[in-house]
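Taken in order, these protein sequences are the chains called Z and D. The first sequence maps to residues 3 to 298 in our numbering. The second sequence maps to residues -5 to 377 in our numbering. Glycine included, C-beta positions come from ideal geometry on N, C-alpha and C. Values in this document were obtained by computation on a predicted structure and should not be read as measured data. Some notes on the structure that comes next.
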Amino acid sequence: MTADLFFQYLFAGITYGIMYAIVAIGFNIIYNTTGIINFAQGEFVMLGGMIAISLLHVMPLPLAITGAVVLTMLVGALIEILFIRWLDNPSVLRMIIITIGLSILIREAALHIWGESIRSLPYFNGNEITTVTLGPVRVSPQVFWVIGVCGVIVLLLSLFFRMTPLGREMRACAANRRAAVLCGINARNMVTFSFMLSAGIGALAGCVMSPITYTQYDSGTPLAIKGFTVAILGGLGNSMGAVAAGILLGIIEAYSISFVPLAFQDAISITILLVILFVRPHGLFGSGETARLKEF
Amino acid sequence: MKKQLNNIFLAVAALCLLAAPAVQAGTIKVGAIFAVTGPASFLGGPEARTARMVVDEINKKGGINGDKIELIVKDSGGSPEKAISFAKQLIEEDKVLAIIGPSTSGESMKIKKIAEQGRTPLISCGAAEVIVNPVARYVFKTPQKDSFAVRKIYGEMQKMGIRKIAVVAGNTGFGKAGKGQLIKIAPEYGIEIVAAETYDKKATDLSALVAKLMANKDIQAVVNWSIVPAQAIIAKNMRQAGWKVPLFQSHGFGNIKYVQAAGAAAEGIIFPAGRLLVAESLPDTDPQKKLLLKYKKDYESHYHEAASTFGGHAYDAMTILAAAIEKGGNDRDKVRDAIENLKNFPGTGGVFSFSPEDHNGLDISSFVMLTVKNGKFALYQGK
Chain Z
3 MTADLFFQYL
13 FAGITYGIMY
23 AIVAIGFNII
33 YNTTGIINFA
43 QGEFVMLGGM
53 IAISLLHVMP
63 LPLAITGAVV
73 LTMLVGALIE
83 ILFIRWLDNP
93 SVLRMIIITI
103 GLSILIREAA
113 LHIWGESIRS
123 LPYFNGNEIT
133 TVTLGPVRVS
143 PQVFWVIGVC
153 GVIVLLLSLF
163 FRMTPLGREM
173 RACAANRRAA
183 VLCGINARNM
193 VTFSFMLSAG
203 IGALAGCVMS
213 PITYTQYDSG
223 TPLAIKGFTV
233 AILGGLGNSM
243 GAVAAGILLG
253 IIEAYSISFV
263 PLAFQDAISI
273 TILLVILFVR
283 PHGLFGSGET
293 ARLKEF
Chain D
-5 MKKQLNNIFL
5 AVAALCLLAA
15 PAVQAGTIKV
25 GAIFAVTGPA
35 SFLGGPEART
45 ARMVVDEINK
55 KGGINGDKIE
65 LIVKDSGGSP
75 EKAISFAKQL
85 IEEDKVLAII
95 GPSTSGESMK
105 IKKIAEQGRT
115 PLISCGAAEV
125 IVNPVARYVF
135 KTPQKDSFAV
145 RKIYGEMQKM
155 GIRKIAVVAG
165 NTGFGKAGKG
175 QLIKIAPEYG
185 IEIVAAETYD
195 KKATDLSALV
205 AKLMANKDIQ
215 AVVNWSIVPA
225 QAIIAKNMRQ
235 AGWKVPLFQS
245 HGFGNIKYVQ
255 AAGAAAEGII
265 FPAGRLLVAE
275 SLPDTDPQKK
285 LLLKYKKDYE
295 SHYHEAASTF
305 GGHAYDAMTI
315 LAAAIEKGGN
325 DRDKVRDAIE
335 NLKNFPGTGG
345 VFSFSPEDHN
355 GLDISSFVML
365 TVKNGKFALY
375 QGK
């Protein structure tokens, strides 16, 4: 392998990886407050892209993206209030099945609203063939948007969870829901809020990714599978871990194509998921001890 | 025990009678199986909409010989399993006269036998040649054969002096069949395939694949064979990588939405397609021109989206069937014979002339080479 090719693969891998990581972060937020995996996370990504594309007809790009994020957050809140909030002490399994059902529901609704055709947002800078040359590699400027947005999300989230009272309350609910309630925290509101937050992040990811990957009513599910793999790989609930794991998986996928046929790319990530679940269920960057204290 | 069984049998029979909808006098039932949703929805969507439009138009004019057409559309979601059960349902329960569709080659192959056993004419909208080769008595198809598309591409490459190419294809029935044809026919044109890759139908980025191919300096052109969004993605990734070799696509690229999706990267892509996409620029003497313009206008005013060649396949299937019903009436075998004897019938895909040996009825001239110029389809004039 030549050096040029090495760096091309590296950048392709980082692009894939960062996209997986943003989806994984959405999984982590809801996991951190509720202890469940929201399998409708991929649908939030799709909704964000789709709503922004529709809004773009009537408003400029930044406003359309903001609108899409806000609307998707409302959808997230609505879902939580309608389907999850009223459950008394739901089991983890029940919550997971509810979210799988919701993901199918959202997908079908999107099919009816937007139809089956593929759409995309325009490139934020330049167009489809604009590239930035970095030494031997050429990279689309949109890749930097994806990386930048992901970086900002991770930074703001870690500040939010550590510094703000709301963030601390959300973490308290995750650590021990009953104790948090006894301390006067409204645990139900925290869950609603975590759905809104992860829906918003998913939507933002959907917007920055749309020019690269395109958006279709069913584009959420494959992303959710990759995102879930990355979330597990990085250790559930660990945002930094998700970024590292995402980049790792992306790079493995990118380099794998020089050894095995491309169609095996997905098989590789699923294999990694299985191996991790067997060997190190708390993820590469998670701690085994905390994992044992959690329900799931 | 035996009596009990008999009673159950009677009860079931009675139920069946109740369930069977009363057939109105003067109504001909036509079944349609299209992948309206799912990965092949960009085929099935326009096809189902087109079929409805054509049937509405026929009924508005008073039907065929006074009989109205009742179109029963089933959404297979692109799944062969669903196509099988819908085909059985349409033939055995709804007792349709004929079936149009399915949208994809994979589904068509699965129900070929069912149509044959049910002695029901099937006009498929799938592209693969195997649907009508070997010929099945009741099975026809309207899209041009994929081997014509391959020959058209290779012919163009010969003119351009291209000898070494890379083939990439999606892992769908269409992609696999096309890749097979590309590999089989290449030696006839003195073309060597130096790299062949298959990607997942849900692929969202192919830049690593492009990097791998680009490192092989022998490659003079790339042929991509798929019907999924990756068609636009590979074009983008190639241009982003600064790779200048010509990109050929299959006739699956004949949907303006993919051109829009690929934007500036779509410029200069070369692909074979039916004449529908360049109807306006055809000479007035072209036998298809009038019909193509009418279909385009009707479809676009009905559904407010650009007409695609795929919807055209359903248009051809439905108009061919209507012409056959006019001759054969509401009789499966007579309609089958009428289709087989149809000659010089202009459709969107070409001028159809069926025969007992040829259930596609089109020849290689039904394809023209197109390219993308300023975001629009244009006839390819060579370099």
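- For the pair residue 158/Z and residue 23/Z, the Cα-to-Cα distance works out to about 15 Å.
- For residue 69/D, there is no enclosing alpha helix (DSSP H); the enclosing beta strand (DSSP E) covers residues 62 to 69.
- Under DSSP, no beta-bridge partner is assigned to residue 257/Z.
- Exclusion of the five residues before and after residue 147/D leaves 217, 242, 266 as the residues of its chain whose Cβ lies within less than 7 Å of its Cβ.
- With distances taken between CA atoms, residue 338/D lies nearest to 348/D out of 348/D, 329/D, 330/D, 332/D.
- Across the structure, residue 101/Z and residue 246/D are spaced so that their CA atoms are roughly 36 Å apart.
- Here the C-alpha atom of residue 150/Z lies approximately 17 Å from the C-alpha atom of residue 215/Z.
- In chain order, 27, 68, 70 place their CB closer than 7 Å to the CB of residue 80/D, counting only its own chain and leaving out the 5 sequence neighbours on each side.
- Flagged as an interface residue toward chain D: residue 129/Z, by a C-beta distance shorter than 8 Å.
- With at least 16 other beta carbons inside 10 angstroms of its own, residue 72/D counts as buried.
- The continuous alpha helix (DSSP H) containing residue 148/D extends over residues 140 to 154.
- Close CB contacts of residue 179/D within its chain, under the 7 Å cut and outside five residues either way in sequence, are with 141, 144, 145, 148 (chain order).
- For the segment 262 to 278 of chain Z, residues whose beta-carbon sits nearer than 8 Å to a beta-carbon of chain D comprise 263, 264, 265, 267, 268.
- Contact between residue 27/Z and residue 252/Z fails: their C-beta atoms lie close to 15 Å from each other, not under 8 Å.
- Residue environment: residue 208/D is assigned as buried (16 or more neighbouring CB atoms within 10 Å of its CB, all protein chains considered).
- Residue-level contact check: residue 243/D does not touch chain Z, since none of the beta carbons of chain Z fall below 8 Å from its beta carbon.
- Straight-line measurement puts the Cα of residue 70/Z at about 24 Å from the Cα of residue 19/Z.
- Note on residue 189/Z: 16 or more other CB atoms within 10 angstroms of its CB, so buried under the neighbour-count rule.
- In this structure, the beta-carbon distance from residue 185/D to residue 159/D falls below 8 Å.
- At least 8 Å separates the beta-carbon of residue 161/D from that of residue 153/D.
- With fewer than 16 other Cβ atoms from the protein chains shown falling within 10 Å of its own Cβ, residue 95/Z counts as exposed.
- Within chain Z, not a single residue places a beta-carbon under 7 Å from that of residue 274/D; the smallest gap is close to 23 Å.
- Nearest to residue 268/Z by C-alpha distance, out of 225/Z, 285/Z, 284/Z, is 225/Z.
- By the neighbour-count criterion, in which a residue is buried when 16 or more other Cβ atoms sit within 10 angstroms of its Cβ, residue 280/Z is exposed.
- Of all residues in the segment 30 to 49 of chain D, only 31, 35, 36, 39 come within less than 7 Å of chain Z when Cβ atoms are compared, listed by chain position.
- Between the alpha carbons of residue 276/D and residue 227/D lies a gap of roughly 30 Å.
- Between residue 31/D and residue 310/D, the beta carbon gap of about 23 Å keeps them out of contact (Cβ cut-off 8 Å).
- According to the DSSP secondary-structure assignment, residue 181/D is paired through a beta bridge with no residue.
- For a Cβ distance threshold of 7 Å, residue set 196 of chain D lies close to residue 224/Z, ordered along the chain.
- Within the segment 56 to 86 of chain D, no residue has a Cβ lying closer than 9 Å to any Cβ of chain Z.
- Of the residues 40/D, 364/D, 223/D, 321/D, the one whose Cα lies closest to the Cα of residue 163/D is 223/D.
- Secondary structure at residue 30/Z: helix, using DSSP grouped into helix, strand and coil.
- Looking at the DSSP output, residue 161/D sits in a beta bridge with 190/D, 217/D.
- A straight line joining the alpha-carbon of residue 37/D with that of residue 102/D spans about 14 Å.
- For residue 134/D, the uninterrupted beta strand (DSSP E) run begins and ends at 133 to 135, by DSSP.
- Bridge pairing for residue 56/D: absent [DSSP].
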